[in-house]
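Following: one structure in structure tokens, then a few remarks.
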Amino acid sequence: MNTESNSREKHILIVDDEESVRSYLATLLTSEGYEVSSAEGGMEAISMIKQQLSPSAVILDVMMPQVDGLETLRRIREMDEVIPIIMLSAVGQTATIVKAMKMGASDYLTKPFEDEELGITLEKAFEKLTLVKEVEDLREQLNQTSEFISINDEMIRIKEMIRKIAGTDATVLVLGESGVGKELIARAIHDQSLRREKILVRVNCAALPTELLESELFGFERGAFTGAIRAKMGKFELANGGTIFLDEIAEMSPGLQAKLLHVLQDGEFSKLGGKRDLKVDVRVVAATNQNLERSIKEGRFREDLYYRLNVVKIQVPPLRERKEDIPLLCQHFFKKFRVQYDSDMDKIPESILEAFMRYGWPGNIRELENMMRRLVVLKDEKYVLKELAIPSEVKAEPEKSDSLSEALSLKEISKRKTVEVERDAIFKALVESNWNKKRAAEALNISYRALQYKIKEYGIDQ
34 MNTESNSREK
44 HILIVDDEES
54 VRSYLATLLT
64 SEGYEVSSAE
74 GGMEAISMIK
84 QQLSPSAVIL
94 DVMMPQVDGL
104 ETLRRIREMD
114 EVIPIIMLSA
124 VGQTATIVKA
134 MKMGASDYLT
144 KPFEDEELGI
154 TLEKAFEKLT
164 LVKEVEDLRE
174 QLNQTSEFIS
184 INDEMIRIKE
194 MIRKIAGTDA
204 TVLVLGESGV
214 GKELIARAIH
224 DQSLRREKIL
234 VRVNCAALPT
244 ELLESELFGF
254 ERGAFTGAIR
264 AKMGKFELAN
274 GGTIFLDEIA
284 EMSPGLQAKL
294 LHVLQDGEFS
304 KLGGKRDLKV
314 DVRVVAATNQ
324 NLERSIKEGR
334 FREDLYYRLN
344 VVKIQVPPLR
354 ERKEDIPLLC
364 QHFFKKFRVQ
374 YDSDMDKIPE
384 SILEAFMRYG
394 WPGNIRELEN
404 MMRRLVVLKD
414 EKYVLKELAI
424 PSEVKAEPEK
434 SDSLSEALSL
444 KEISKRKTVE
454 VERDAIFKAL
464 VESNWNKKRA
474 AEALNISYRA
484 LQYKIKEYGI
494 DQ
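Residues 34 to 495 (this note's numbering) make up the sequence shown, in order.
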């Protein structure tokens, strides 16, 4: 068992009526860097936890006199719903173990077991706990804004469509440019569905190479490849009973597309290195900023998978087509960031709102959110306007001059307009290529080096 790097500051409570077992486990765990406490029975363990002992995990024997393992498990779960509890059983106690797992045990070990098995089981339990906590944190953050903000007619129609489909398990394909809020649509679908008490898991299919994406989605068994020293749970397994949001689905490789199709058709998949299929009950919401029909013609996307995903299609309009929403979104982000950064800024300058209504927003709501963050943090409206290459309307009154040469020349006006158009085109190309600079340069028909120079010149960042 070699888990020292993961064991620091973790405290294990061992509950077993046999002193020899307690002593053996304590010696083993202590040698790996764990802190250890022991209890010789269920009542003692319950009392220790009630008296503010907060173990990172509990190793609990099934068969104990007076208060047995199942009753101890039930009592601990009443006090702590998430702490990993690993049951110890003898051969032939299968029915008891099944009952324990249904009651909330995290895992089990059958005595006698190898030292390495204990380490792997603890690591799996801690990994699962970390994932659950991360998902809960995300849920808490995202639930605060799960209701999308809009008075636009098309967005209201989308909102009504979500209400109609949320109660079904139909797969949904969300289309739209980068930054329009496709993930917010997925969250709204999940939050109004019968699966809302379960989790929504997000996976960006463009963020990882194919090999890593496969293990991220489906997990792997111990020994599946070099370095796989322990099994890992995939996102589909984590999302069981809930919803999985597959962003940038067009970037998925043909091999993974086939595996995803199998999940959609049969509700099952196998882990990397796995010898059996796992059943899974997951609703799939997919999204892309690409033209999938064109990708099918070019042989980059499976037609059968497209029709499996495209049961319900939602096309989210870009921000430039719903400018009536800009003031509402500005107020929403202003309130959010004013609290987040403890800002004393009391209102959004009129010049900002006017300029924002004139701007094209190639990065859509994500770009607007970023600009509002900068405004609140820097409290400098001129800087924000300069960032967007929007002529500032908040400059001080110019001193009167008799010299025509000091006025803004037509040449200068033309140059400024060219800068705005060029910056917008570069930003849009970057967004549509998911910030892949090589692809953006090809789309703009310029060299990679020229694009790098322009990005630096215009101060464009992600």
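C-beta: ideal position from N, C-alpha, C; glycine also.
Assess, as a yes-or-no matter, whether the region 65–81 is touched by the region 41–51 under the definition of 3 or more beta carbon pairs within less than 8 Å.
yes
When DSSP builds the beta bridges, which residues end up paired with glutamine 348?
Leu208
Note down, in chain order, each residue of its chain lying with its Cβ closer than 6 Å to the Cβ of arginine 55, except the 5 sequence neighbours on either side.
Ile47, Asp49, Ser71, listed in sequence order.
Distance check for arginine 333 and glutamate 244, CA to CA, integer angstroms please.
18 Å
My parser needs the alpha helix (DSSP H) runs of 4 or more residues fully inside the region 111–173; what are they?
127–135
For alanine 199, name the three-state secondary structure that DSSP assigns.
coil
So what does leucine 93 bridge to, in DSSP terms?
Val48, Met120
For the beta strand (DSSP E) holding threonine 321, just list the boundary residues, first then last.
316–321
Cβ neighbours of glutamate 439 in the same chain (closer than 8 Å, five flanking residues each side left out):
A caution first: glutamate 439 carries a pLDDT of 41, below 50, which makes its placement in the model unreliable, though a value can still be read off. Contacts found: none.
Using the Cα positions of leucine 32 and glutamate 331, report the straight-line distance between them to the nearest angstrom.
Look at the range of the chain in this structure, 34 to 495, and you will see that residue 32 is not part of it.
Does the beta-carbon distance from glutamate 65 to glycine 152 come in below 8 Å?
yes
Host alpha helix (DSSP H) of arginine 397 (start-end):
According to the sequence as given, residue 397 is asparagine; it is not arginine. Here the alpha helix (DSSP H) through asparagine 397 covers 397–411.
With the cut-off set at 8 Å, would you say asparagine 467 and alanine 319 are in Cβ contact?
no
In the structure shown, what three-state DSSP assignment does arginine 228 receive?
coil
Can you tell me which of Tyr416, Leu386, Lys419, Ile359 puts its alpha carbon nearest to the alpha carbon of arginine 399?
Ile359
Under DSSP, the beta strand (DSSP E) around phenylalanine 258 begins and ends at which residues?
Looking at the DSSP string, phenylalanine 258 is not in any beta strand (DSSP E), and its letter there is neither H nor E.
Beta-carbon contacts of isoleucine 385 that lie in its chain and below 6 Å, excluding the five residues immediately before and after:
Excluding positions up to five away in sequence, the list reads Glu414.
Does the region 345–356 come close enough to the region 291–311 that 3 or more CB-CB pairs lie under 8 Å?
By the criterion of at least three beta-carbon pairs nearer than 8 Å, the region 291–311 is not in contact with the region 345–356.
Going straight from the alpha carbon of lysine 470 to that of leucine 250, what length do you get?
26 Å
What number of angstroms, rounded off, separates the C-alpha of isoleucine 459 from the C-alpha of proline 395?
9 Å
Would you please state the rounded distance, in angstroms, between the beta carbons of isoleucine 119 and serine 89? I believe it to be under 8 Å.
In fact, because the Cβ distance is near 12 Å, the residues do not count as touching under 8 Å.
Aspartate 280 (DSSP reduced to helix, strand or coil)
strand
Does the structure place the region 224–240 close enough to the region 269–276 that three or more beta carbon pairs sit under 8 Å?
In this structure the region 269–276 touches the region 224–240; the number of beta carbon pairs closer than 8 Å is three or more.
DSSP state of phenylalanine 302, grouped into three classes?
In the structure shown, the three-state DSSP call for phenylalanine 302 is strand.
Using 8 Å as the Cβ pair cut-off and three pairs as the minimum, do the region 321–328 and the region 201–218 touch?
yes
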